[in-house]
Amino acid sequence: AQSVTQPDIHITVSEGASLELRCNYSYGATPYLFWYVQSPGQGLQLLLKYFSGDTLVQGIKGFEAEFKRSQSSFNLRKPSVHWSDAAEYFCAVVGFNAGNNRKLIWGLGTSLAVNP
Amino acid sequence: GAGVSQSPRYKVAKRGQDVALRCDPISGHVSLFWYQQALGQGPEFLTYFQNEAQLDKSGLPSDRFFAERPEGSVSTLKIQRTQQEDSAVYLCASSPREWSTEAFFGQGTRLTVV
Chain A
17 AQSVTQPDIH
27 ITVSEGASLE
37 LRCNYSYGAT
47 PYLFWYVQSP
57 GQGLQLLLKY
67 FSGDTLVQGI
77 KGFEAEFKRS
87 QSSFNLRKPS
97 VHWSDAAEYF
107 CAVVGFNAGN
117 NRKLIWGLGT
127 SLAVNP
Chain B
564 GAGVSQSPRY
574 KVAKRGQDVA
584 LRCDPISGHV
594 SLFWYQQALG
604 QGPEFLTYFQ
614 NEAQLDKSGL
624 PSDRFFAERP
634 EGSVSTLKIQ
644 RTQQEDSAVY
654 LCASSPREWS
664 TEAFFGQGTR
674 LTVV
């Protein structure tokens, strides 16, 4: 079965520091992978996605992620964090249920705090 | 509207009460998803509509949960005889393409069952 693991429940970084949020997936074929951000009181917003092609994908707000098949990982990175990046970050993979219907399977999320 | 709108934003229900949660997707979007997000968890898939057809309801946790989208636009998630374990944020998402999981999310409805 498809699954997503986000090993870090909570991360704190200083403003201006670099950031890497980890995501590992379990999926037999080439996965469709997503990173979403959820700010307090806001809906989930898509940061970036990987379907195929270049394994380094660029997203909004200066985020990028790298798909590494050998490590079953899709880690999210940002070179310099801003205070407004404090939020909950979710990694997700497209999975299929018994009826071969498509749906998103989500990790538990990583809560990011940013120190001034 | 400009985005996916959900109402109410917050709902407190007494155990055993029925509730109805509304989702207004982006106009013209074919796909509509409902997710349940418990505190400290990631979203869990509940059900999927393609226009008015409910093509996947495999994630609905029990027969107390019912969703509809009669005219292929607004959707309602109904929970009958609410229980404390139903307390969660219910998220709606819509997409312009069939089966597309690249969707736009609403802000959610936070349901608290007391």
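Those protein sequence lines, which keep their order, are chains A and B.
Residue numbers for the first sequence, in this note's numbering: 17 to 132.
Residue numbers for the second sequence, in this note's numbering: 564 to 677.
Every residue, glycine too, gets a C-beta built ideally from N, C-alpha and C.
Please name the residue, chosen from the options, that lies closest to residue i on a Cα-to-Cα basis.
i: B:Val652; options: A:Ala108, A:Asn40 and A:Gln58; result: A:Gln58
i: B:Cys655; options: B:Arg644, B:Tyr611 and B:Thr645; result: B:Tyr611
i: A:Pro56; options: A:Asn131, A:Pro132 and A:Ser127; result: A:Ser127
i: A:Ala33; options: A:Pro95, A:Ala81, A:His26 and A:Thr71; result: A:Pro95
i: B:Ser650; options: B:Ser657, B:Gln599, B:Gly605 and B:Val637; result: B:Gln599
i: B:Leu584; options: B:Glu661, B:Ala666, B:Ser657 and B:Ile642; result: B:Ile642
i: A:Leu124; options: B:Leu602, B:Val567 and B:Gln613; result: B:Leu602
i: B:Ala666; options: A:Ile27, A:Lys84, A:Leu60 and A:Asp70; result: A:Leu60
Spatial neighbours of residue i within its chain, please: C-beta separation below 8 Å, excluding the five flanking residues on both sides.
i: A:Tyr41; result: Gln18, Ser19, Val20, Thr21, Pro47, Leu49, Ser88, Ser89, Phe90, Cys107 and Val109
In three-state DSSP terms, what is residue i?
i: B:Gln599; result: strand
i: A:Ser86; result: helix
i: A:Ile76; result: helix
i: B:Glu665; result: coil
i: B:Glu631; result: strand
i: B:Gln647; result: helix
i: A:Asp70; result: coil
i: A:Ser134; result: The first residue shown for chain A is 17 and the last is 132, placing residue 134 of chain A beyond what the model contains.
i: A:Gly111; result: strand
Classify residue i as buried or exposed, calling it buried when 16 or more other Cβ atoms lie within 10 Å of its own Cβ.
i: A:Lys119; result: buried
i: B:Gly669; result: buried
i: B:Val677; result: exposed
i: B:Phe608; result: buried
i: A:Glu104; result: buried
i: B:Val623; result: Looking at the sequence shown, residue 623 of chain B is not Val but Leu. Under this definition B:Leu623 is a buried residue.
i: B:Val575; result: exposed
i: B:Pro633; result: exposed
i: A:Ile25; result: exposed
i: A:Leu63; result: buried
i: A:His98; result: exposed
Mind pulling the chain A residues with CB within less than 8 Å of residue i?
i: B:Phe629; result: Correct list: empty, because the minimum Cβ distance to chain A is about 19 Å.
i: B:Val680; result: It is not possible to answer for residue 680 of chain B, since the shown part of chain B is limited to 564 through 677.
Identify the contact partners of residue i in chain B, using a Cβ-Cβ distance below 9 Å as the criterion.
i: A:Lys94; result: In chain order: nothing, as chain B lies at least about 21 Å away.
i: A:Leu62; result: Glu665, Ala666, Phe667 and Phe668
i: A:Lys77; result: Going along chain B, no residue has its Cβ under 9 Å from A:Lys77, so there is no contact; the nearest lies around 16 Å.
Just to make sure I have the definition right: I need the residues of chain A whose C-beta is within less than 9 Å of the C-beta of residue i. Which are they?
i: B:Pro624; result: Ordered by position in chain A, no residue passes the 9 Å Cβ test against B:Pro624, which lies about 14 Å from the chain.
i: B:Gln604; result: Trp122, Leu124 and Gly125
i: B:Tyr653; result: Going along chain A, no residue has its Cβ under 9 Å from B:Tyr653, so there is no contact; the nearest lies around 12 Å.
i: B:Tyr611; result: Asn117, Arg118 and Lys119
Name the chain A residues that come within less than 7 Å of residue i, Cβ to Cβ?
i: B:Trp662; result: Arg118
i: B:Gly671; result: Gly59
Looking only at its chain, what residues have a beta carbon closer than 7 Å to the beta carbon of residue i, apart from the 5 residues adjacent to it on each side?
i: A:Gly111; result: Gln18, Lys119 and Ile121
i: A:Gln102; result: Residue identity differs from the one stated: residue 102 of chain A is Ala in this sequence, not Gln. Leu128, Ala129 and Val130, listed in sequence order.
Please work out which residues of its chain come closer than 6 Å, Cβ to Cβ, to residue i, disregarding the five sequence neighbours upstream and downstream, and give them in chain order.
i: A:Asn117; result: none
i: A:Glu1; result: Residue 1 of chain A lies beyond the residue range present for chain A, which begins at 17 and ends at 132; the question has no answer from this structure.
Below 8 Å on C-beta distance, what does residue i contact in chain B?
i: A:Val110; result: Thr664
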